[in-house]
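Residue numbers (the UniProt record's numbering): 1 to 519. Reviewing the structure listed below.
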Amino acid sequence: IYSDVHSELGWSKPVRSSSILESPPRCASPFSRARLPRPFHRGLRKRAIAVLSMASFSSACRFLARRLSGASGVRRSLCSGAAGVPREDVAGYHIGGGPSFMRGMVFWEPNKPLTIEEFHMPRPKAGEVLIRTKACGVCHSDLHVIKGELPFSSPCVVGHEITGEVVEHGPHTDREIINRFPIGTHVVGAFIMPCGNCSFCVKGQEDLCEAFFAYNRAKGTLYDGETRLFLRSNGKPVYMYSMGGLAEYCVVPANGLATLPSSLPYTESAILGCAVFTAYGAMRHAADVRAGDAVAVIGIGGVGSSCLQIARAFGASEIIAVDVQDEKLNNAKMLGATHTINAKKEDVIEKIKALILTLFYSFCVFPDNVCDLKTRVCFKIHQEMGISSAYNACIFVFQEITGGMGVDVAIEALGKPLTFAQCTKSVRDGGKAVMIGLAAAGSVGEIDINRLVRRQVKIIGSYGARARQDLPEVVKLAERGVFNLQNTVSRKCKFEEAGSAYDDLDRGQIVGRAVVEIM
């Protein structure tokens, strides 16, 4: 059997221990917290000391202190047990001078109404922060869960882009976290809450965090395999979609938080944790948008609207917005789109290619109408191929290199097979088609394999950004006014109206993003 020495220190490689357990532990993993029975066994202590010689002295002291103190017995998971009743310290927990219970919005089963239920006050653990939730965005990802299109554990509390105020830290939380997020700090929470210890997090790829997907997305828990939510009426556990943000309080791992300056409002800033966060990850890491790029965004909802603004901030010269609603397209022009296409009225692919060809022709006649990047491309060919005029250089670029022209980067923000195909066909040869829209389970997109191979079209998936690295940058961009948060957030609703907001989102009646104001 494996001991949990390695998980106490956050190591990925387990350590063999002597078989002294009185009862089988839970399945060991780099993030498990199964306890060994006390008193601390002498043989295991020798083995632990040998292993701990490779760790820091302070980590060793904390580990031994936990093992040498307290009553014996293996700690049970909050989610286990026939009765499903939380421990007494959870049921009786309350913040100093505050309530011992709260309300949360619960999803029970697909296509059933969300209901407001009372919960015991959620209790943070080491490295976690209790947040008094101020606002939570209404996102399509939640809608996929509510409609049963995206399998997830139920019952659960949805909502995964939040702002709020720090009210408590988990016991044994590092002083660095407490100093970074003291009680009373305004914060924004990212929907990807990295563990900070897995192989991807160590390499800086927090958007691929193993613990987040293995525990939260696969099981609806945090990274010890336990939820923090229990119904007040019967103590039964309720799962968490990310932090379970549609509640008056929520527990968030500190790695998923960033400080929100007082100049940014709680309500509009909630979208920074998913809509803007997702768009930033796609444009910064997946697409690597550069100054002078031509960018198309297909689907102008909360995430698509954010993509338009980030493309503009990164210096894209042509920004094409594609949607089926004129109201969204009109709003897109205020958010940075230079061209719009109504996919119900026009052929998206042909229109995009025609726009880019027109822009190249405009360069031939009016050099100032084109970005520096295209100028360099045309004159580089002019210089190296000996073509006699800028006009011929542009035609050469169009006919011989692009073979039909398209955008440098196309972003798909809907998660539909049709828009997947439009995205891949809209890019130029060598261009990037970036998919960020989640689809119903089992959805399949089609691609012309020969064009993919011959013309080096790049198809890239992007789920989000990197919380510790990118979320503070997103907040700084918002503080500088790069994002028009007021225009992106098109509706504000009360906590009791959250269910209706998801219904309107499903009917396509929300132009940008709806945000629920909670406290």
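Think of the CB as a built atom: it goes at the ideal place given N, C-alpha and C, for glycine as much as any other residue.
Query: Residue 476, buried or exposed, once every other Cβ within 10 Å from all chains shown has been counted against 16; Result: exposed
Query: beta-carbon residue 128 near the ligand FAD non-hydrogen atom, thresh 6 Å; Result: By its list of ligands, the structure shown contains no ligand whatsoever, and the ligand FAD lies outside what it can speak to.
Query: Assigned secondary structure, residue 408 (DSSP; H/G/I helix, E/B strand, else coil); Result: strand
Query: Cβ-based neighbour list, residue 148, same chain, cut-off 6 Å, excluding 5 preceding and 5 following; Result: 110
Query: Whole-angstrom C-beta distance between residue 513 and residue 302, which should lie under 8 Å; Result: 3 Å
Query: Cβ separation of residue 135 and residue 287, assumed to be a contact under 8 Å, to the nearest whole Å; Result: The pair is not a contact, with the Cβ atoms about 29 Å apart (cut-off 8 Å).
Query: For residue 221, the nearest candidate out of 243, 208, 234 (CA to CA); Result: 243
Query: Inter-residue spacing [alpha-carbon to alpha-carbon] between residue 154 and residue 278; Result: 25 Å
Query: Rounded separation between residue 405 and residue 177 - CA only; Result: 50 Å
Query: Cβ pair count under 8 Å reaching 3, the region 459 to 469 against the region 429 to 448; Result: yes
Query: Chain-order list of residues whose beta-carbon lies under 7 Å from that of residue 196 (same chain, five-residue window excluded); Result: 255
Query: Which listed residue (505, 275, 216) has its alpha carbon closest to that of residue 226; Result: 216
Query: Separation of residue 505 from residue 140, as counted between CA atoms; Result: 8 Å
Query: Contact check, residue 258 vs residue 122, beta carbons under 7 Å; Result: no
Query: Nonlocal neighbours in the same chain, by C-beta distance under 7 Å from residue 428, ignoring five residues either side; Result: 402, 405, 406, 407, 408
Query: C-alpha distance - residue 131 paired with residue 417, whole-angstrom precision; Result: 38 Å
Query: Helix, strand or coil at residue 435 [DSSP, three-state]; Result: strand
Query: With 16 other Cβ atoms within 10 Å as the buried cut-off, status of residue 218; Result: exposed
Query: Range covered by the beta strand (DSSP E) that runs through residue 289; Result: Here residue 289 belongs to no beta strand (DSSP E), and DSSP marks it neither H nor E.
Query: Residue 332 at chain B interface by Cβ criterion, 7 Å; Result: Protein chain content of the structure displayed is limited to a single chain, and chain B is not contained in it.
Query: Three-state secondary structure (DSSP) of residue 162; Result: strand
Query: Residue range of the unbroken beta strand (DSSP E) whose run includes residue 195; Result: First-last for residue 195: undefined, no H or E at that position.
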